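Colleague: Following this message is one structure expressed as structure tokens.
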Amino acid sequence: MTTFDARVDAREYEPKDKHPTIFNALDTLKPGQKMELINDHDPKPLHYQILAEMPDQFDWEYLEQGPDLWRVAITRKQ
13 MTTFDARVDA REYEPKDKHP TIFNALDTLK PGQKMELIND HDPKPLHYQI
63 LAEMPDQFDW EYLEQGPDLW RVAITRKQ
């Protein structure tokens with residue numbers, strides 16, 4: 013079982029608050045730490061945003077891929 017250092021359930025936030033909340037959580041991660049992201053749709057646009065704004069800083073691994081629940085492990089690289 014994977015242990016997460018942070019968890020964001022994006023379903024709990026208004027659309028305007030989702031990405032800022034997620035990026036705030038990512039900023040708290042130290043190298044090697046993981047965050048679990050939970051959403052009700054594929055967060056692929058967020059993945060592209062992370063790649064563009066924070067290149068080579070995070071690994072992205074789908075843990076569950078819908079159709080109703082999406083879970084992603086995002087790990088800060090060393």
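Numbered per our numbering, the sequence shown spans residues 13 to 90.
Glycine is no exception: its CB is placed at the ideal position from the N, C-alpha and C atoms.
Small disclaimer: the values here were computed from a predicted structure and weren't measured.
Excluding the 5 residues preceding and the 5 following threonine 15 in the sequence, name in chain order all residues of the same chain whose CB lies nearer than 6 Å to its CB.
Modeller: Position 3 of the sequence shown, counting from 1, holds the residue named residue 15. There are no such residues.
Colleague: Tell me tyrosine 74's beta-bridge partners as DSSP assigns them.
Modeller: In the sequence shown, the residue the question calls residue 74 occupies position 62. Tyrosine 74 pairs with Val84.
Colleague: In chain order, what residues of the same chain lie with their CB nearer than 8 Å to the CB of lysine 56, ignoring the 5 residues before and after it?
Modeller: Here residue 56 refers to the residue found at position 44 of the sequence shown. Hits under 8 Å: none found.
Colleague: Among residues of its own chain, excluding the 5 on either side of alanine 37, which ones have a beta-carbon nearer than 7 Å to its beta-carbon?
Modeller: Sequence index remark: in the sequence shown, residue 37 carries index 25 (1-based). The answer, listed in chain order, is Ala18, Val20 and Met47.
Colleague: For arginine 88 and isoleucine 50, which I take to be in contact (beta-carbon distance under 8 Å), what is that distance rounded to the nearest angstrom?
Modeller: On the sequence shown, residue 88 is found 76 positions in, with the first residue counted as 1. On the sequence shown, residue 50 is found 38 positions in, with the first residue counted as 1. With a Cβ gap of about 18 Å, arginine 88 and isoleucine 50 do not count as contacting.
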